[in-house]
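Report on the following structure.
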Amino acid sequence: MVTSRIDHKWGMVVDLDRCNGCQACVVACQVENNLPINDKNAFLQNRAYEWIRIERYWEGDYPNIKARFIPILCQHCENAPCEPVCPVFATYRNDEGLNVQLYNRCVGTRYCINNCPYQVRFFNYWHPNWPERLQNQLNPDVTVRTRGITEKCTFCIQRLRRGQLQVERRNGGELGDSTLRAGNHMPACVQACPTNALTFGDQNDAQSPIKPYFDDVNRYNIHHESERQTRGYRMLEDMNTKPNVIYLKKVDPNKGSSGGHHG
Amino acid sequence: MQEGRVLSTREMNRDLLRSILDTPRWFWPVVTVLGLVLLIAAIAIGIMVNRGLGVTGLNRPVAWGFFITNFVFWIGISHAGVMLSAILRLAKAEWRRPATRAAEVLTLFSLMTAMIMPIVHTGRPWRILYWVFPYDFARGIWPNIRTPLVWDPSAILTYLTSSTLFVIIALIPDFAVLRDHTTGIAHRVYSVLAMGWEGNARQWKLQIVAGVLLSALILPVFVSVHSIVSWDFGMAASVKSWHSTVFAPYFVVGAVHSGVSAVAFALILLRWCYGWQDYIRHEHIDALGRLLIVVATGWFYFLVMEILFGMYGREPDELMVRQTQFTYWPYNAWFIVFVITTYFIPVILWLSRAWRRNLWIMSIACISVNIGMWLERFLIIVPGLINKQLFTFVWADYRPSIFEIIIVAATFALVTMLMLLFSRVFPLVPLYDVKEGDVLKTQVQIGRRTVPATFRED
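Protein chains in written order, with numbering that gives the first Met the number 0: chain H, 0 to 262; chain U, 0 to 457.
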């Protein structure tokens with residue numbers, strides 16, 4: 000295993016003002032992480048795998064109706080509700096701020112799925128299958144999961160590990176903002192986002208563009224939400240799950256300011 | 000004076016051992032039919048394990064469904080054993096005597112059946128060893144003791160062990176009677192099981208002390224088992240309607256409600272099957288009915304409190320669950336059926352002395368309670384999951400598949416079959432306990448009336 004000399008704490012910022020709901024992140028994730036193909040049946044049975052999904056909500060009444068998009072992925076909570084309920088420690092927090100899932104250890108009680116408030120854990124009800132001509136597109140760096148276990152977004156840990164190996168082990172550098180981008184070591188969804196709505200980085204890296212948002216949201220907790228200087232907030236913040244994903248509120252042109260108290 | 004005839008010891012032995020010494024004509028056909036149901040369920044489980052849980056109706060938000068509902072239901076039924084044997088023994092309720100063994104055995108079999116449910120519900124049941132037992136000593140990986148899913152097996156296995164001991168200790172004097180009434184290989188087996196019981200004063204003393212001690216020790220288990228099962232839900236912080244502190248007492252009282260009803264129905268069935276009219280008498284069923292009125296009303300209080308607590312917080316996601324339970328088809332229909340069958344039908348029937356003594360009406364009331372209590376668990380588990388959080392985008396409904404229905408139906412067949420097979424080998428009405436009750440019973444004159452009185456047991 001690649002261990003890093005540098006203390007990382009990964010995080011992501013999702014700018015809702017930039018998201019246009021194009022689903023490129025969904026497709027990128029699907030390809031990168033060997034997710035089974037979601038056919039019509041998977042959706043009809045409500046068993047589609049979408050480690051990142053775009054939730055679409057309608058706001059307002061006709062004719063002044065607006066579509067709102069929220070990309071939702073595993074929030075990698077510091078205080079994750081899914082972790083303490085697993086009887087076999089198949090899911091736990093690693094020292095880089097990731098909530099990781101050990102497929103080998105999982106027995107499939109699905110308690111973590113129930114206890115995830117963000118609905119981002121997926122159970123393999125069937126054994127995954129790919130058509131013959133798609134067998135060769137599977138990513139060799141990612142396990143193909145068997146039936147009967149739970150899986151979820153990993154922040155593309157295989158890319159982070161490759162980055163640590165190439166940048167930190169071989170060249171003695173640091174996997175920071177520029178090196179992440181240069182070597183495409185960020186998660187696939189971030190790489191694929193055409194509007195740069197998703198930003199990935201290291202919260203311990205002073206140069207990282209995500210750091211000001213995390214600092215701001217950490218400084219002013221939910222009780223002092225109105226004092227925040229940025230548009231940042233955490234999803235379902237009142238549950239105190241302390242996610243490592245921060246959302247930036249949509250800018251409402253009617254309200255004039257970007258730092259309002261509204262979502 | 001007790002109702003019915005006063006019987007000699009010889010008659011008692013003859014009647015109560017009838018189920019063991021002769022085979023009724025209906026016995027093997029019934030066992031065969033139940034066995035066929037179990038065979039179908041075994042095939043269903045085989046297909047499910049082979050192809051994956053996709054054959055069930057479970058989906059993304061609803062990850063727990065019929066299996067967990069059924070698990071909680073059977074754990075609930077198992078609470079009758081302690082309620083009737085331990086609590087009523089310590090409370091010196093005389094009428095418990097013929098009911099104790101059936102209640103304890105029902106406890107054992109329903110616990111075993113309940114334990115099948117979470118195992119078949121997991122995605123990889125062949126790895127269950129990982130979960131229940133500490134497995135990876137070399138790498139220091141132990142089960143996660145923070146999860147209710149590890150408390151569950153601990154509590155249930157403790158309960159199973161103590162209930163088994165309880166049943167065995169109560170069976171020793173009866174084994175001795177069987178030893179004296181059988182010949183050949185049966186005689187030899189019962190001789191071993193009777194452990195040299197001669198019925199002398201010292202043995203009786205030890206047997207009674209063991210029974211009372213176990214009764215007292217089993218009481219904390221009684222409260223904890225269903226509390227812990229309720230914490231499977233109570234500890235789930237992310238499911239708003241589950242995350243409630245009222246669940247532990249609510250589930251325990253509900254368990255007693257369904258369990259005692261099940262025992263009353265089992266007793267009526269046994270009385271009918273084996274002709275034990277002189278042992279399981281109307282007074283016993285009557286007493287169970289009166290006990291059940293209290294239990295049902297206590298349970299109803301918790302039901303109202305649970306809903307009230309849920310609504311009082313006025314959190315939109317919790318209110319959404321309540322709205323689903325009360326207004327959305329088909330949950331609204333099930334909710335009405337659930338409240339009526341669990342409380343209103345049985346309690347109204349139990350309020351009348353004549354109806355408590357009518358075995359048909361008692362059977363209807365007791366079955367009604369158990370239909371309702373099954374629905375109660377379903378209405379707690381599924382609506383809580385189908386709209387768990389405010390992300391309406393991922394809300395989805397749940398329909399059980401034929402596999403789930405078959406497996407759930409088979410658990411009822413399994414418990415029935417185990418009870419029937421047990422009744423062929425061991426007496427389901429404790430002989431020594433009934434005889435002891437008769438010895439201790441006497442009549443006293445109060446004014447012009449003769450009433451039954453009981454000596455102190457100890």
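Just so it is clear, CB atoms sit at the ideal spot from N, CA and C, and this is done for glycine as well.
Query, Result
"Candidates F213/H, T240/H and S225/H, of which the one nearest Y246/H by Cα", "F213/H"
"Selected residue, minimal CA-CA separation from F108/U, among S162/U, P147/U and I67/U", "S162/U"
"Sequence-distant residues of its chain with Cβ nearer than 6 Å to C81/H (five each side left out)", "T90, C111, N114 and C115"
"Below-9 Å beta-carbon distance, M11/H vs any chain U residue", "no"
"Minimum C-alpha distance to L290/U - residue among V262/U, D316/U and L192/U", "V262/U"
"Any 3 or more C-beta pairs closer than 8 Å across the stretch 352-362 of chain U and the stretch 285-300 of chain U", "yes"
"Interface flag, V30/U vs chain H, CB-CB below 9 Å", "no"
"When N138/H, H222/H, R55/H and V13/H are compared against C188/H, the one with the closest alpha-carbon", "V13/H"
"Where S153/U meets chain H, residues with beta-carbon distance less than 7 Å", "Residues of chain H passing the Cβ test: none, with the nearest at roughly 11 Å."
"DSSP bridge partner residues for N98/H (one or two, in chain order)", "R92/H"
"Beta-carbon contacts of I227/U that lie in its chain and below 7 Å, excluding the five residues immediately before and after", "P147, W150, D151 and A154"
"Beta-ladder partner(s) of G10/H, from DSSP", "G200/H"
"Backbone CA spacing between L37/U and A409/U [nearest angstrom]", "6 Å"
"Cutoff 9 Å: A47/H Cβ touching any chain U Cβ", "yes"
"Backbone CA spacing between W129/H and Q29/H [nearest angstrom]", "12 Å"
"For K387/U, the nearest candidate out of V48/U, P60/U and W27/U (CA to CA)", "P60/U"
"Check: P242/H C-beta below 8 Å from any heavy atom of the ligand SAM", "The model depicted lacks the ligand SAM and carries no ligand whatsoever."
"Helix, strand or coil at L291/U according to DSSP, with G and I counted as helix", "helix"
"Per-residue contacts from R146/H into chain U (C-beta, under 9 Å)", "R50, G51, L52, G53, G122 and R123"
"Span of the alpha helix (DSSP H), counted from its first residue to its last, around Y330/U", "Y330 to V338"
"Counterpart residues of W57/H in DSSP-defined beta bridges", "A66/H"
"Beta-carbon proximity of D277/U to L6/U, cut-off 9 Å", "yes"
"Minimum Cβ-Cβ distance from D242/H to chain U less than 9 Å", "Checking the sequence shown, residue 242/H turns out to be Pro, not Asp. Output row for P242/H: interface = no."
"Continuous alpha helix (DSSP H) stretch holding L179/H: start and end", "D176 to A181"
"Test item: CB-CB of P399/U and F65/U under 9 Å", "yes"
"Cutoff 9 Å: T198/H Cβ touching any chain U Cβ", "no"
"Delimiting residues of the beta strand (DSSP E) encompassing V244/H", "V244 to L247"
"DSSP-derived helix/strand/coil call for G231/H", "strand"
"Residues near A47/H by beta carbon distance below 8 Å, same chain, minus five either side", "N37 and A41"
"Amino acids of chain H, ordered along the chain, whose beta-carbon sits closer than 7 Å to that of N58/U", "Q44, N45 and R46"
"Segments assigned alpha helix (DSSP H), at least 4 residues, entirely inside the stretch 159-205 of chain U", "183-193"
"Alpha-carbon spacing of V29/U relative to P426/U, whole angstroms", "19 Å"
"Touching by the beta-carbon criterion (3+ pairs, under 8 Å), the stretch 48-62 of chain U and the stretch 132-149 of chain H", "yes"
"Neighbourhood of N331/U by C-beta, 8 Å cutoff - its chain only, sequence neighbours within 5 removed", "Q324 and F325"
"Interfacial residues, the stretch 115-126 of chain H to chain U, with Cβ spacing under 8 Å", "C115, P116, Y117, Q118, F121, F122, N123, Y124, W125 and H126"
"Cutoff 6 Å; reference R13/U; Cβ partners in own chain excluding five residues on either side", "none"
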